[in-house]
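Note that numbering that gives the first Met the number 0 gives residue 109 to position 110 of the sequence shown, counting from 1, and the numbers run on in steps of one.
The beta carbon of each residue, even a glycine, is placed where N, CA and C say it ideally should be.
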Amino acid sequence: MVNITETLNLPKMVSWELIFKLDDLQKYLKKSELNEIVFTSKQVYNTLKTSLFNIINIDDANANSLAKIVSVREQSFNLNYIKKLNISSIPFDSFSIIIENLSNISTLNLTKHYLNLTFINDILSKLNKLNNLKLNQVDIVFNISYFKSNKLKVPLTVRKLSIEACNSFVFSGKSTLFGRENNATRNGPNCPFKTIPTLKFHNLEQLSIKTAITHLAHLNMNPLFKNYFVNNPNLTSLSLEISKFTAESLALMLNLKSLTHLKLIGQNCNFKSTPINLGSSNSLKSLQFNSAIVSYHFDLVLELCKNCNNLKQLTLDYSTHQAPKIDKIISNLPGLNKLTLLAFGYFSSLDLSSINPLLTHINLVNICLLRDEFNLLNTLKGFKVLKLINFDKSGKLNEEKFVRDCIEFGWLNRSYGFNRILSKITSSN
Numbered sequence: 000m001v002n003i004t005e006t007l008n009l010p011k012m013v014s015w016e017l018i019f020k021l022d023d024l025q026k027y028l029k030k031s032e033l034n035e036i037v038f039t040s041k042q043v044y045n046t047l048k049t050s051l052f053n054i055i056n057i058d059d060a061n062a063n064s065l066a067k068i069v070s071v072r073e074q075s076f077n078l079n080y081i082k083k084l085n086i087s088s089i090p091f092d093s094f095s096i097i098i099e100n101l102s103n104i105s106t107l108n109l110t111k112h113y114l115n116l117t118f119i120n121d122i123l124s125k126l127n128k129l130n131n132l133k134l135n136q137v138d139i140v141f142n143i144s145y146f147k148s149n150k151l152k153v154p155l156t157v158r159k160l161s162i163e164a165c166n167s168f169v170f171s172g173k174s175t176l177f178g179r180e181n182n183a184t185r186n187g188p189n190c191p192f193k194t195i196p197t198l199k200f201h202n203l204e205q206l207s208i209k210t211a212i213t214h215l216a217h218l219n220m221n222p223l224f225k226n227y228f229v230n231n232p233n234l235t236s237l238s239l240e241i242s243k244f245t246a247e248s249l250a251l252m253l254n255l256k257s258l259t260h261l262k263l264i265g266q267n268c269n270f271k272s273t274p275i276n277l278g279s280s281n282s283l284k285s286l287q288f289n290s291a292i293v294s295y296h297f298d299l300v301l302e303l304c305k306n307c308n309n310l311k312q313l314t315l316d317y318s319t320h321q322a323p324k325i326d327k328i329i330s331n332l333p334g335l336n337k338l339t340l341l342a343f344g345y346f347s348s349l350d351l352s353s354i355n356p357l358l359t360h361i362n363l364v365n366i367c368l369l370r371d372e373f374n375l376l377n378t379l380k381g382f383k384v385l386k387l388i389n390f391d392k393s394g395k396l397n398e399e400k401f402v403r404d405c406i407e408f409g410w411l412n413r414s415y416g417f418n419r420i421l422s423k424i425t426s427s428n
């Protein structure tokens with residue numbers, strides 16, 4: 000029998016756990032058998048549970064081997080069942096081979112890549128079934144001397160789009176194709192990411208943007224930014240972690256009739272220069288704001304929360320100086336049933352005096368509860384679950400006392416590293 004691993008110059012023991020879930024694979028084949036049988040036996044390969052292989056994770060540790068496997072199977076094996084592809088920092092040659100043979104995917108996550116605009120457009124144009132695209136730390140290089148269009152051709156079939164910490168490098172003149180050029184303009188007027196808002200997706204439902212403060216493509220300096228909300232009226236979830244956006248953009252967001260989740264993380268946005276007619280919203284059920292938004296635009300946040308008739312979940316940054324504002328926001332939300340408070344960089348005690356008594360879930364991140372606050376939670380009539388995240392990274396928690404308090408106040412305590420999940424003990428527990 001010909002050893003195909005030697006023929007392909009593959010490692011004798013492929014690290015399958017880097018590509019698939021090894022626990023699932025072992026239900027069907029032992030790891031030692033995979034290197035020979037799965038390569039050579041089409042019958043065994045095709046009888047494996049299809050869902051086992053519908054997600055592939057590729058990075059520089061396995062890209063070369065997987066590219067060779069894909070090349071060999073191109074003619075005799077059906078790869079159409081692979082639906083989700085996660086690619087992180089792999090060589091260009093492997094990227095090209097893999098993506099061209101897996102064009103049936105519906106989900107593509109790209110992390111830490113430096114790609115030529117022509118190349119990525121060629122790849123994206125072949126993914127006609129793509130509905131979930133995530134670009135994380137993807138840098139696009141573009142020579143404007145050779146190609147006049149700076150458009151990034153994201154498939155219009157995409158329903159979930161996430162752009163995080165991406166940059167562009169635009170240069171001109173004779174230059175190497177993939178080198179970061181000294182004369183390249185970073186995120187300038189010809190930035191390909193600036194063209195995405197002009198696209199009219201068939202049914203974009205979820206949009207998430209997280210960029211650096213200096214990124215011009217997603218600031219109010221980009222007049223096209225507002226088109227995200229004009230061209231995609233069916234958005235249900237919107238998450239923006241950018242330094243600034245205008246009052247006009249905010250008004251357009253709030254006019255989205257199907258929007259249920261809105262997350263705004265920004266700095267001192269220019270809202271005051273333009274009046275915003277908030278009106279009432281029956282669709283918004285989840286809101287999140289950072290401390291800068293609450294500090295600089297408290298009245299706007301307060302009114303927005305009040306006008307959300309069906310608001311169920313609220314997430315806010317917490318600090319002692321913000322506590323009075325947070326108390327005021329919370330006290331005006333009679334329908335709220337889930338509250339998440341985030342304290343960054345330090346622990347803070349919490350004033351629960353104005354919390355809605357009908358709350359059922361509270362998540363606290365980097366916040367330490369005192370004994371009296373434990374006792375106060377018992378007064379919340381419908382309260383069921385308390386999640387304490389990064390609860391004891393300081394190492395100062397008296398674990399025995401914490402357990403005794405949980406027992407005394409009727410809490411079931413589950414510990415997961417630095418996290419705790421506390422459930423109110425009832426007859427069903």
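Problem set entry | Beta-carbon contacts of G172 that lie in its chain and below 7 Å, excluding the five residues immediately before and after | To locate residue 172, count along the sequence shown from 1; it is residue 173. Cβ neighbours of G172 beyond the five flanking positions: S144.
For this session: Starting from the Cα of N374, find the closest Cα among I329, I406, T106 and give me that residue.
Result: Sequence index remark: in the sequence shown, residue 374 carries index 375 (1-based). Of the candidates I329, I406, T106, the one whose C-alpha sits nearest the C-alpha of N374 is I406.
For this session: Go ahead and label L155 buried or exposed: buried means 16 or more other beta carbons lie within 10 angstroms of its beta carbon, across all protein chains shown.
Result: For the purposes of this step, residue 155 is taken as residue 156 along the sequence shown, with counting starting at 1. The residue is exposed, with fewer than 16 neighbouring Cβ atoms inside 10 Å.
Exercise. Is it buried or exposed for Q266, if we count other Cβ within 10 angstroms and need 16 for buried?
Worked result: To locate residue 266, count along the sequence shown from 1; it is residue 267. Exposed.
For this session: Give the secondary structure of Y415 by DSSP, where H, G and I count as helix, E and B as strand, and everything else as coil.
Result: Counting from 1 along the sequence shown, the entry for residue 415 is found at position 416. Reduced to three states, the DSSP call for Y415 is strand.
Exercise. Is N120 helix, strand or coil when you go by DSSP?
Worked result: Taking the sequence shown and counting its residues from 1, one reaches residue 120 at position 121. Of the three classes helix, strand and coil, the one that applies to N120 here is helix, per DSSP.
Problem set entry | Burial state of E73 (16 or more Cβ within 10 Å) | Sequence index remark: in the sequence shown, residue 73 carries index 74 (1-based). Bear in mind that a pLDDT of 47 at E73, under 50, signals an unreliable position, so the number given afterwards is only what the model happens to contain. Exposed, by the Cβ-count rule.
Problem set entry | Buried versus exposed call for H112 [16 or more other C-beta atoms within 10 Å across all chains shown] | Counted from its first residue, the sequence shown places residue 112 at position 113. Per the 10 Å Cβ criterion, buried.
Exercise. What do you reckon, are the CB atoms on C190 and V157 nearer than 8 Å?
Worked result: Locating residue 190 in the sequence shown gives position 191, where the first residue counts as 1. Locating residue 157 in the sequence shown gives position 158, where the first residue counts as 1. No, these two residues do not count as a Cβ contact at 8 Å.
Exercise. In or out: T46 buried (at least 16 other Cβ within 10 Å) or exposed?
Worked result: By 1-based counting over the sequence shown, the position of residue 46 is 47. Residue confidence for T46 is low, a pLDDT of 49 falling below 50, so the modelled location carries little weight; the figure read from the coordinates is stated next. The residue is exposed, with fewer than 16 neighbouring Cβ atoms inside 10 Å.
Exercise. For I445, which residues from the same chain have a beta carbon less than 7 Å from its beta carbon, with the 5 sequence-adjacent residues on both sides left out?
Worked result: Residue 445 falls outside the range modelled here, since the chain spans only 0 to 428, and no answer is possible.
Exercise. What residues match up with K337 in a beta bridge as DSSP calls it?
Worked result: The sequence position of residue 337 within the sequence shown is 338, counting from 1. Per DSSP, Q312, H360.
Problem set entry | Cα-Cα separation, N377 to K256 | Indexing the sequence shown from 1 puts residue 377 at position 378. Indexing the sequence shown from 1 puts residue 256 at position 257. Approximately 38 Å, taken between the alpha carbons.
Problem set entry | For K262 and L234, believed in contact at Cβ under 8 Å, the rounded distance | Looking up residue 234 in the sequence shown gives position 235. Looking up residue 262 in the sequence shown gives position 263. Going by Cβ atoms, the distance from L234 to K262 rounds to 12 Å, so no, they are not a contact pair.
Problem set entry | Continuous alpha helix (DSSP H) assignments of at least 4 residues falling wholly in the region 231 to 262 | 246 to 253
For this session: Going by CA-CA distance only, name the one from N56, N226, G409, L313 that's closest to I89.
Result: As a working mapping, residue 89 is identified with position 90 in the sequence shown. Comparing Cα-Cα distances from I89 to each of N56, N226, G409, L313, the minimum goes to N56.
Exercise. Which two residues bound the contiguous beta strand (DSSP E) that contains V293?
Worked result: Indexing the sequence shown from 1 puts residue 293 at position 294. Taken as a continuous stretch (DSSP letters only), V293 belongs to no beta strand (DSSP E), being part of the alpha helix (DSSP H) at 290 to 295.
Problem set entry | Proximity winner among K305, L123, T106, K83, relative to S95 (alpha-carbon distances) | Translated into the one-based positions of the sequence shown, residue 95 becomes position 96. Checking every option, the nearest Cα to that of S95 belongs to L123.
Exercise. Could you give the residue range of the beta strand (DSSP E) that holds K209?
Worked result: In the sequence shown, residue 209 corresponds to position 210, counting from 1. Taken as a continuous stretch (DSSP letters only), the beta strand (DSSP E) holding K209 covers 205 to 209.
For this session: Between the Cα of N365 and those of V384, L315, V229, spot the shortest distance and give me the residue it belongs to.
Result: The residue given as residue 365 occupies position 366 in the sequence shown. Comparing Cα positions, the closest option is L315.
Problem set entry | Nearest neighbour of N230, chosen from L253, N202, F244 [CA to CA] | In the sequence shown, the residue the question calls residue 230 occupies position 231. Of the listed residues, the one whose Cα sits closest to N230 is N202.
Problem set entry | Simplified DSSP assignment, three categories, for I55 | Along the sequence shown, read from residue 1 onward, the residue named residue 55 stands at position 56. Here I55 sits in strand by DSSP.
For this session: In the DSSP assignment, find the unbroken alpha helix (DSSP H) run with L376 in it and report its ends.
Result: Position 377 of the sequence shown holds residue 376. Counting along the chain, the alpha helix (DSSP H) containing L376 begins and ends at 370 to 376.
Problem set entry | CB of I335 within 8 Å of CB of K305, strictly | The residue given as residue 335 occupies position 336 in the sequence shown. The residue given as residue 305 occupies position 306 in the sequence shown. Residue identity check: residue 335 is Leu in the sequence provided, not Ile. Going by C-beta atoms, L335 is not nearer than 8 Å to K305.
Exercise. In chain order, what residues of the same chain lie with their CB nearer than 7 Å to the CB of F408, ignoring the 5 residues before and after it?
Worked result: On the sequence shown, residue 408 is found 409 positions in, with the first residue counted as 1. Contacts found: F373, N374, N377.
For this session: Using a threshold of 8 Å, state whether the C-beta atoms of I85 and N108 are closer than that.
Result: For the purposes of this step, residue 85 is taken as the residue at position 86 of the sequence shown. For the purposes of this step, residue 108 is taken as the residue at position 109 of the sequence shown. It should be pointed out that residue 85 corresponds to Asn in this sequence rather than to Ile. Yes, they are a contact pair.
For this session: Count the other CB atoms, across all protein chains shown, that sit within 10 Å of the CB of L387; report buried if there are 16 or more and exposed otherwise.
Result: As a first step, residue 387 must be located in the sequence shown, where it is residue number 388. Classification for L387: buried.
For this session: Tell me whether Y113 sits in a helix, a strand or coil according to DSSP, three-state version.
Result: Reading the sequence shown from its first residue, position 114 is the one you call residue 113. It is a strand residue.
Exercise. Taking the alpha-carbon positions, what's the I361 to K400 distance?
Worked result: Stepping through the sequence shown from its first residue, residue 361 is reached at position 362. Stepping through the sequence shown from its first residue, residue 400 is reached at position 401. Their backbone Cα atoms lie some 22 Å apart in a straight line.
Exercise. Any heavy atom of the ligand GDP within a distance shorter than 7 Å of the CB on I388?
Worked result: Ligands are entirely absent from the displayed structure, and the ligand GDP is therefore not among its contents.
Problem set entry | Candidates K284, S290, E302, of which the one nearest G278 by Cα | Taking the first residue of the sequence shown as position 1, residue 278 is located at position 279. With distances taken between Cα atoms, G278 lies closest to E302.
Exercise. Cα separation between N8 and K83?
Worked result: Numbered from 1 along the sequence shown, position 9 holds the residue referred to as residue 8. Numbered from 1 along the sequence shown, position 84 holds the residue referred to as residue 83. In this prediction, N8 has a pLDDT of 45, which is less than 50 and means its spatial position is unreliable; what the coordinates show is noted afterwards. Their Cα atoms are separated by approximately 27 Å.
Exercise. How would you write the range of the beta strand (DSSP E) that I162 sits in, first residue to last?
Worked result: Position 163 of the sequence shown, counted from the start, is the residue given in the question as residue 162. Per DSSP, I162 belongs to the beta strand (DSSP E) from 159 to 163.
Exercise. Are the Cβ atoms of S167 and F192 separated by less than 8 Å?
Worked result: Along the sequence shown, one-based indexing puts residue 167 at 168. Along the sequence shown, one-based indexing puts residue 192 at 193. Yes, they are a contact pair.
Exercise. What are the start and end residues of the beta strand (DSSP E) that includes K386?
Worked result: Reading the sequence shown from its first residue, position 387 is the one you call residue 386. That run of the beta strand (DSSP E) goes 384 to 388.
Exercise. Helix or strand or just coil, what does DSSP make of S280?
Worked result: Position 281 of the sequence shown, counted from the start, is the residue given in the question as residue 280. Correct three-state label for S280: strand.
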